[in-house]
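In my numbering, the protein residues as written are 90 to 426. We put the CB at the ideal spot given by N, CA and C, even for glycine. Notes to accompany the following structure.
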Ligand code: KG4
Ligand code: ZN
């Protein structure tokens, strides 16, 4: 049988990324151009700026990925691309590049759901078992996704307001700690102590997470301290926020594990890079030795195209091929994709 070689493009937010995956197993290259240094100046991702940088970098990143894999376009057998969800202008750039390559080289085009990519990043680490529970925590998403079988997604809990990564970024901004907030709060909290009390979060319904109230609690706690003329101990505030945010994630994950008894639990998305979350999920799963746990390495947690290539190889296996008229989707239903 001839080789399957997928070239995948990811441009849904502020990373311009291209990867090449052979036979659904062998990652030949994984190039990520991060725009973080540009967006840092603005304290967050400016969608218009992100799109412009994708336009400038996309061709170079494709060329670099081919070079690192020691391949030419003639060796590629399929083109994969993130179709959504994400920033619409940013997605357009990747889609247009992918469609042009697919059309010119007469290759199948595979549209990929960004969250399916984050989940299947774990398949780059080890084979997945089903039923599988994925805890997806990123800048745009906070979801518990159940896969009864490969390629079948059921969202069983999601945020009713902000995503957890968004809350990390906002709290870092309030603390004037820098951008992106996740890794900064992660580091600060390590030297923080239990000092500030933040109210426990109560989501509206059983199947929801909530983070906007927690962010407001941080703002109120800072105002209270300042009113008393006290200086804020930023590390302690970062600690208090992180403990409350992760407590909610861990409690819900535990409840769902008890309900559905999955064979495998994986974590996915940018916030999966968080050291305290990694520690807590290890502790939680230690109570369930029969359940396999996969925590992807950092490079597969934040946005990358290797995960898109892996999810595309799963789509291909299930006959999911796109037509050349697919468009970018800022919102995209994972269960019906
Ligand atoms: O998955 P990702 O790269 O992009 C989206 O699809 O959203 O996630 C980015 C998010 C940002 O909010 C960033 O602050 C957060 O992941 N993040 C972290 C850490 N590293 C990145 N949050 C907490 N702790 C970290 N170590
Ligand atoms: Zn992402």
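Identify whether residue i lies in helix, strand or coil by the three-state DSSP scheme.
i	result
residue 129	helix
residue 424	coil
residue 304	helix
residue 171	strand
residue 158	helix
residue 364	helix
residue 217	coil
residue 202	strand
residue 287	coil
residue 181	helix
residue 240	coil
residue 195	coil
residue 310	helix
residue 122	strand
residue 407	coil
residue 391	coil
residue 115	strand
residue 207	helix
residue 134	coil
residue 322	coil
residue 343	helix
residue 265	coil
residue 153	helix
residue 332	helix
residue 357	strand
residue 99	strand
Have a look at residue i and residue j and give me their C-alpha separation to the nearest angstrom.
i	j	result
residue 286	residue 270	21 angstroms
residue 251	residue 300	5 angstroms
residue 237	residue 363	27 angstroms
residue 121	residue 392	8 angstroms
residue 228	residue 425	22 angstroms
residue 427	residue 186	Only positions 90 to 426 of the chain appear in this structure, which leaves residue 427 out of reach.
residue 135	residue 326	27 angstroms
residue 114	residue 320	53 angstroms
residue 214	residue 264	36 angstroms
residue 128	residue 103	8 angstroms
residue 410	residue 399	14 angstroms
residue 124	residue 259	19 angstroms
residue 141	residue 106	15 angstroms
residue 376	residue 191	47 angstroms
residue 372	residue 149	43 angstroms
residue 92	residue 211	22 angstroms
Does the distance from the CB of residue i to the CB of residue j come in under 8 angstroms?
i	j	result
residue 220	residue 406	no
residue 261	residue 274	yes
residue 357	residue 256	no
residue 339	residue 369	yes
residue 139	residue 179	yes
residue 395	residue 110	yes
residue 355	residue 208	yes
residue 132	residue 268	yes
residue 226	residue 245	no
residue 194	residue 165	yes
residue 337	residue 307	no
residue 98	residue 183	yes
residue 397	residue 206	yes
residue 367	residue 278	no
residue 402	residue 177	no
residue 172	residue 413	no
Is residue i near the ligand ZN, in the sense that its beta carbon is under 7 angstroms from a heavy atom of that ligand?
i	result
residue 318	no
residue 358	yes
residue 143	no
residue 419	no
Do residue i and the ligand KG4 come close, with the Cβ less than 7 angstroms from some heavy atom?
i	result
residue 411	no
residue 229	yes
residue 255	yes
residue 97	no
residue 422	no
residue 292	no
residue 271	yes
residue 119	no
residue 340	no
residue 250	no
residue 275	yes
residue 211	no
residue 296	no
residue 112	no
residue 362	yes
residue 126	no
residue 258	yes
Closer than 8 angstroms, CB to CB, is residue i near chain C or not?
i	result
residue 253	Given the protein chain composition of this structure (a single chain), no chain C is represented.
* Below 5 angstroms from a heavy atom of the ligand ZN - residues by beta-carbon -> Per the Cβ criterion, the list is 227 and 392.
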